[in-house]
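Notes for the one structure printed next.
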Amino acid sequence: GMLKIWESKISRQNWKMKETDRLCELHFSKDDIIDYFEVEVNGKTIREPLTHKTLKPTAVPVFFPHKEPPKPPRKLPAKRETKTPPVMLKSLNVTKYINLHGNEDDHTFENEDNEPSPGAPFPQTFGESLFCDSSVLSLPDDWYVRRKESIVCLHINNNIEVDRYVVFDKNPDVVIDARVFLDKKEIPSLRTAYDFLKKVNSLVLCPGTGIKNVRSDGCYLYVGGKPGQSAAPRCHSCFPRRKALQKQNLRNIVAVANRKKKHREIKRTIKNQKSRISTLQDKLGSLMKKIEETKQDNVDKLLASLPTVQGMAVKACINAARAKSPKGRRYTKEWMYGCILMRMKGPALYRKMQQQNILALPSPRTIQRYLKKMKPAYGFQRTTFDLLGQKSAEMSEAQRHGALLFDEMKLTEGLSFDKKFSEGSWSH
28 GMLKIWESKI
38 SRQNWKMKET
48 DRLCELHFSK
58 DDIIDYFEVE
68 VNGKTIREPL
78 THKTLKPTAV
88 PVFFPHKEPP
98 KPPRKLPAKR
108 ETKTPPVMLK
118 SLNVTKYINL
128 HGNEDDHTFE
138 NEDNEPSPGA
148 PFPQTFGESL
158 FCDSSVLSLP
168 DDWYVRRKES
178 IVCLHINNNI
188 EVDRYVVFDK
198 NPDVVIDARV
208 FLDKKEIPSL
218 RTAYDFLKKV
228 NSLVLCPGTG
238 IKNVRSDGCY
248 LYVGGKPGQS
258 AAPRCHSCFP
268 RRKALQKQNL
278 RNIVAVANRK
288 KKHREIKRTI
298 KNQKSRISTL
308 QDKLGSLMKK
318 IEETKQDNVD
328 KLLASLPTVQ
338 GMAVKACINA
348 ARAKSPKGRR
358 YTKEWMYGCI
368 LMRMKGPALY
378 RKMQQQNILA
388 LPSPRTIQRY
398 LKKMKPAYGF
408 QRTTFDLLGQ
418 KSAEMSEAQR
428 HGALLFDEMK
438 LTEGLSFDKK
448 FSEGSWSH
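For reference, each letter of the sequence shown is one residue, going 28 to 455 in our numbering.
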């Protein structure tokens with residue numbers, strides 16, 4: 028119920044309000060907004076502000092500052108005093124010249140209300156009679172007379188437009204201008220004038236091509252036909268022009284349809300490619316997730332079947348594959364010891380294997396840092412005896428017996444030892 032009331036107050040076209048829609052508090056009255064709650068403590072009423080304001084159940088939006096004011100009611104047009112509206116003659120361009128001399132058909136009067144009776148006398152001088160009293164000229168239906176410098180007989184169509192008119196000059200001439208210009212023709216009598224008006228009234232104007240008000244340059248402007256028929260025939264010049272324009276419009280429509288079809292196909296192809304890429308990405312993500320979720324115990328079981336040195340190399344490769352960057356890798360002591368020995372035995376081969384990532388080998392600079400932390404020296408080190416003690420602790424009494432062998436050594440002056448490359452030099 029309240030949704031319909033709100034919807035009628037908001038009054039937006041083609042919009043139905045839902046329960047999830049929201050409205051700004053500026054559209055409501057302050058009396059309809061609840062921003063506190065009351066609590067009675069020891070007979071005293073305490074008001075506490077609310078973090079989230081609420082509305083009263085009967086709240087209705089009333090303020091719409093950006094809403095357009097209602098338009099005033101439209102005034103009804105005033106009724107015309109006269110039934111016949113004033114008609115202004117249009118200035119029409121002369122586009123065609125047709126000579127009617129010798130082509131006028133004989134017309135006879137029929138018993139009509141607006142036609143003169145057969146026995147009515149006709150004056151011998153047409154100009155004198157017409158300019159003295161224009162009402163002596165009988166007119167066909169929908170024809171009217173206006174008198175200025177000349178006598179103008181005009182025809183008004185159903186659209187209240189002047190589509191043709193005849194001008195009677197003081198000289199015994201007549202001119203027709205309804206997008207048609209006829210050569211001057213002598214009118215000797217009222218009967219001839221009436222027949223001429225009927226002939227002009229029977230002319231059917233060519234509608235042109237009927238497409239964007241286009242007319243052929245060779246249009247005859249009027250064609251044979253019956254006045255008042257629903258579809259006027261076209262002349263022999265406008266008809267092929269209309270066909271050409273229709274074919275052109277059809278080609279344009281087909282071209283637009285082809286472009287839209289091609290556009291739809293491209294969009295469909297792009298959509299399929301995006302769907303395929305998304306599927307492959309999901310598959311790749313699932314595989315990577317399976318690799319990450321592989322338990323270390325399974326890897327250790329597989330490495331247990333390999334020799335010790337190969338197991339260390341494979342384990343180092345797996346750890347390198349899991350790392351996001353080659354920087355900051357961590358190596359076990361056993362693998363670092365093996366890498367130091369490999370570099371001592373073949374620096375060139377070690378450098379090639381490390382650069383081409385054949386194995387997960389530390390860089391030469393990393394090996395140098397490890398060697399700097401070692402303290403090699405001549406003679407027996409304390410750690411040597413400690414290791415021997417730890418190893419002999421697990422031996423039996425019989426295995427602990429052995430012999431120490433000393434070889435003769437000669438010391439020379441200028442003896443030096445490079446702990447980086449484990450090389451010594453001396454001078455004699």
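Backbone N, C-alpha and C fix where the C-beta goes; we use that ideal spot for every residue, glycine too.
Below 7 Å CB to CB, which residues in the same chain sit around residue 311 once its five sequence neighbours on both sides are set aside? As a working note, residue 311 is residue 284 in the sequence shown. Excluding positions up to five away in sequence, the list is empty.
From 408, 88 and 77, pick the residue whose C-alpha is nearest to that of residue 34; which is it? On the sequence shown, residue 34 is found 7 positions in, with the first residue counted as 1. If we check each option's Cα against that of residue 34, 88 comes out closest.
Cut-off 6 Å between Cβ atoms - residues of its own chain near residue 242, not counting five sequence neighbours on either side: Within the sequence shown, residue 242 is the residue found at index 215, counting from 1. Result list for residue 242: 235, in chain order.
Terminal residues of the beta strand (DSSP E) in which residue 183 lies: Working through the sequence shown from its first residue, we reach residue 183 at position 156. Residues 178-183.
Going by other Cβ atoms of all chains shown within 10 Å of its Cβ, with 16 needed for buried, is residue 389 buried or exposed? Mapped onto the sequence shown, residue 389 falls at position 362. Classification for residue 389: buried.
Touching or not, the region 393-400 and the region 366-385, by the rule of three or more beta carbon pairs under 8 Å? yes
Between which two residues does the beta strand (DSSP E) harbouring residue 192 extend? Position 165 of the sequence shown, counted from the start, is the residue given in the question as residue 192. Here the beta strand (DSSP E) through residue 192 covers 189-195.
Cβ-heavy atom distance between residue 357 and the ligand MG below 6 Å? Within the structure as shown, the ligand MG is missing, as the structure has no ligands at all.
Look at the alpha carbon of residue 29 and the alpha carbon of residue 83, and state the distance between them as a whole number of angstroms. The residue you call residue 29 lines up with position 2 of the sequence shown. The residue you call residue 83 lines up with position 56 of the sequence shown. Answer to the nearest angstrom: the Cα atoms are 12 Å apart.
Could you check the C-alpha separation between residue 177 and residue 276 for me, to the nearest Å? The residue given as residue 177 occupies position 150 in the sequence shown. The residue given as residue 276 occupies position 249 in the sequence shown. Approximately 46 Å between the Cα atoms of the pair.
Whole-angstrom distance between residue 91 and residue 59, CA atom to CA atom: Locating residue 59 in the sequence shown gives position 32, counting from the first residue. Locating residue 91 in the sequence shown gives position 64, counting from the first residue. Approximately 16 Å, taken between the alpha carbons.
Across which residues does DSSP place residue 42 in a beta bridge pair? Locating residue 42 in the sequence shown gives position 15, counting from the first residue. The partner list for residue 42 (beta bridge, DSSP) is empty, contrary to what the question assumes.
Beta-carbon separation of residue 344 and residue 375 under 7 Å? On the sequence shown, position 317 is the one that residue 344 refers to. On the sequence shown, position 348 is the one that residue 375 refers to. Result no, Cβ atoms of residue 344 and residue 375 do not sit closer than 7 Å.
When we look at the beta-carbon of residue 381 and count the other beta-carbons within 10 Å, is it buried (16 or more) or exposed? Residue mapping note: residue 381 aligns to position 354 of the sequence shown, counting from 1. It is buried - the Cβ of residue 381 has at least 16 other Cβ atoms within 10 Å.
Given that a residue counts as buried once 16 or more other Cβ atoms are within 10 Å of its Cβ, and exposed if not, what is residue 401? Numbered from 1 along the sequence shown, position 374 holds the residue referred to as residue 401. So residue 401 ends up on the exposed side.
What does the Cβ neighbour count give for residue 64, buried or exposed, with the cut at 16 atoms within 10 Å? On the sequence shown, position 37 is the one that residue 64 refers to. Exposed is the call here.
Paired residues, beta bridge with residue 170 - DSSP: Along the sequence shown, one-based indexing puts residue 170 at 143. BP columns for residue 170 point to 182.
Cross-strand partners of residue 81 (DSSP beta bridge): What you label residue 81 is simply residue 54 of the sequence shown in a count that begins at 1. DSSP lists 61 as partners of residue 81.
Expressed to the nearest angstrom, what Euclidean distance is found between the alpha-carbon atoms of residue 289 and residue 298? In the sequence shown, residue 289 corresponds to position 262, counting from 1. In the sequence shown, residue 298 corresponds to position 271, counting from 1. Between residue 289 and residue 298, the C-alpha separation is close to 14 Å.
Taking the beta strand (DSSP E) that residue 444 belongs to, which residues open and close that run? Counting from one through the sequence shown, the residue named residue 444 turns up at place 417. Per DSSP, residue 444 belongs to the beta strand (DSSP E) from 443-445.
Please say whether residue 179 and residue 192 have beta carbons closer to each other than 7 Å? The residue labelled residue 192 in the question sits at position 165 within the sequence shown. The residue labelled residue 179 in the question sits at position 152 within the sequence shown. Cβ atoms of residue 192 and residue 179: closer than 7 Å.
Residue 396 - containing alpha helix (DSSP H), residue span: In the sequence shown, residue 396 corresponds to position 369, counting from 1. 391-400 is the span of the alpha helix (DSSP H), which, as asked, contains residue 396.
Ignore the nearest five residues each way along the sequence and tell me which others in residue 74's own chain have a CB closer than 6 Å to its CB. To locate residue 74, count along the sequence shown from 1; it is residue 47. Excluding residues within five positions, the ones whose Cβ falls inside 6 Å are 63 and 65.
Is the beta carbon of residue 169 closer than 7 Å to that of residue 183? To locate residue 183, count along the sequence shown from 1; it is residue 156. To locate residue 169, count along the sequence shown from 1; it is residue 142. Going by C-beta atoms, residue 183 is nearer than 7 Å to residue 169.
Out of 225, 262 and 306, point me to the one whose CA is closest to residue 166's CA. For this step, residue 166 is matched to residue 139 along the sequence shown. The option with the nearest alpha carbon to residue 166 is 225.
Which of the three DSSP states, helix, strand or coil, is assigned to residue 342? Here residue 342 corresponds to residue number 315 of the sequence shown, with the count starting at 1. In this structure, residue 342 counts as helix in the three-state DSSP scheme.
Member of 39, 260 and 219 whose CA lies at the smallest distance from the CA of residue 230: As a first step, residue 230 is located in the sequence shown; it is residue number 203 there, counting from the start. Minimum Cα distance to residue 230 is reached at 260.
Ordered along the chain, which non-local residues of its own chain (more than five positions away) have a Cβ less than 7 Å from that of residue 76? Sequence index remark: in the sequence shown, residue 76 carries index 49 (1-based). Excluding positions up to five away in sequence, the list reads 62 and 63.
Which whole-angstrom value is the C-beta distance of residue 446 and residue 398, which I expect to be below 8 Å? Here residue 446 corresponds to residue number 419 of the sequence shown, with the count starting at 1. Here residue 398 corresponds to residue number 371 of the sequence shown, with the count starting at 1. 6 Å between Cβ atoms; contact.
Could you pull the start and end residues of the alpha helix (DSSP H) that residue 320 belongs to? Reading the sequence shown from its first residue, position 293 is the one you call residue 320. First-last of the alpha helix (DSSP H) with residue 320: 265-320.
DSSP state of residue 36 mapped onto helix, strand, coil: The count along the sequence shown starts at 1 and reaches residue 36 at position 9. Residue state, collapsed to three classes: helix.
What residue range is occupied by the uninterrupted alpha helix (DSSP H) comprising residue 416? The sequence position of residue 416 within the sequence shown is 389, counting from 1. It spans 409-419 - the alpha helix (DSSP H) in which residue 416 sits, taken as one unbroken run.
Whole-angstrom distance between residue 48 and residue 188, CA atom to CA atom: Taking the first residue of the sequence shown as 1, we reach residue 188 at position 161. Taking the first residue of the sequence shown as 1, we reach residue 48 at position 21. Rounded to whole angstroms, residue 188 to residue 48 spans 55 Å at the Cα level.
For residue 407, is the classification buried or exposed, using 16 other Cβ atoms within 10 angstroms of its Cβ as the cut-off for buried? For the purposes of this step, residue 407 is taken as residue 380 along the sequence shown, with counting starting at 1. Label assigned to residue 407: exposed.
To the nearest angstrom, how far is the alpha carbon of residue 372 from that of residue 450? By 1-based counting over the sequence shown, the position of residue 372 is 345. By 1-based counting over the sequence shown, the position of residue 450 is 423. Distance between the alpha carbons of residue 372 and residue 450: 12 Å.
Have a look at residue 38 and residue 32 and give me their C-alpha separation to the nearest angstrom. Translated into positions along the sequence shown, residue 38 becomes position 11. Translated into positions along the sequence shown, residue 32 becomes position 5. Each residue's alpha carbon lies about 10 Å from the other.
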